[in-house]
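Residue numbers (the working numbering): 15 to 139.
And the structure:
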């Protein structure tokens, strides 16, 4: 399944993409919110993992746009996991389905991938 990863910190994007690949999924990445929205509209991922604090379009604005697009198309919104060093209130208020607190544990990320995409094909420990 396709996972869209959006974060302006390249090492985090690389780490998350590696975990996604280890779980048997593919990913597409964006380093700012506007590009993330473009990719979501073009590729229609099964899951989005995004940071809240990004340039050009914040994570909260990105999530709201995803929900608006889904409503306009009469389909369910894509599930969204927000990665944040801050509180979860803003993420949940914007419509996130789950919050992954930075710095996060890889096992937590794997568990969320399984929750939203099903059992992984391999496990990273």
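We put the beta carbon where it would ideally sit given N, CA and C, even for glycine.
None of the values given here were measured: they were computed from a predicted structure.
Rounded to whole angstroms, what is the Cα-Cα separation between residue 104 and residue 111?
Within the chain shown, the letter at position 90 stands for residue 104. Within the chain shown, the letter at position 97 stands for residue 111. Using only the alpha carbons, I get a separation of about 12 Å.
Count the C-beta pairs between the region 77–91 and the region 26–40 that are closer than 8 Å, then say yes if the count reaches three, no if not.
Too few Cβ pairs lie closer than 8 Å, so no.
Starting from the N-terminal side, write out each stretch of the beta strand (DSSP E) that is 3 residues or longer and does not extend beyond the region 79–138.
The qualifying runs are 94–98, 112–115.
Thinking C-alpha only, which one of 41, 119, 109 is nearest residue 73?
Position 59 of the chain shown, counted from the start, is the residue given in the question as residue 73. Ranking the options by Cα distance to residue 73, first place goes to 109.
Is the beta carbon of residue 54 sitting closer than 8 Å to the one on residue 92?
In the chain shown, residue 54 corresponds to position 40, counting from 1. In the chain shown, residue 92 corresponds to position 78, counting from 1. Yes, they are a contact pair.
Can the beta-carbon of residue 22 be found less than 8 Å from the beta-carbon of residue 69?
Here residue 22 corresponds to residue number 8 of the chain shown, with the count starting at 1. Here residue 69 corresponds to residue number 55 of the chain shown, with the count starting at 1. Yes.
Using only alpha-carbon positions, find the residue among 32, 24, 19 that is nearest to residue 52.
Walking along the chain shown from the start, residue 52 turns up at place 38. With distances taken between Cα atoms, residue 52 lies closest to 19.
For residue 18, write down the residues that DSSP places opposite it in a beta bridge.
Residue numbering aside, residue 18 sits at position 4 when the chain shown is read from its first letter. Paired residues: 42, 62.
So is residue 3 buried or exposed if we call it buried at 16+ other beta carbons inside 10 Å?
Any answer about residue 3 is impossible in this case: the structure gives the chain only from 15 up to 139.
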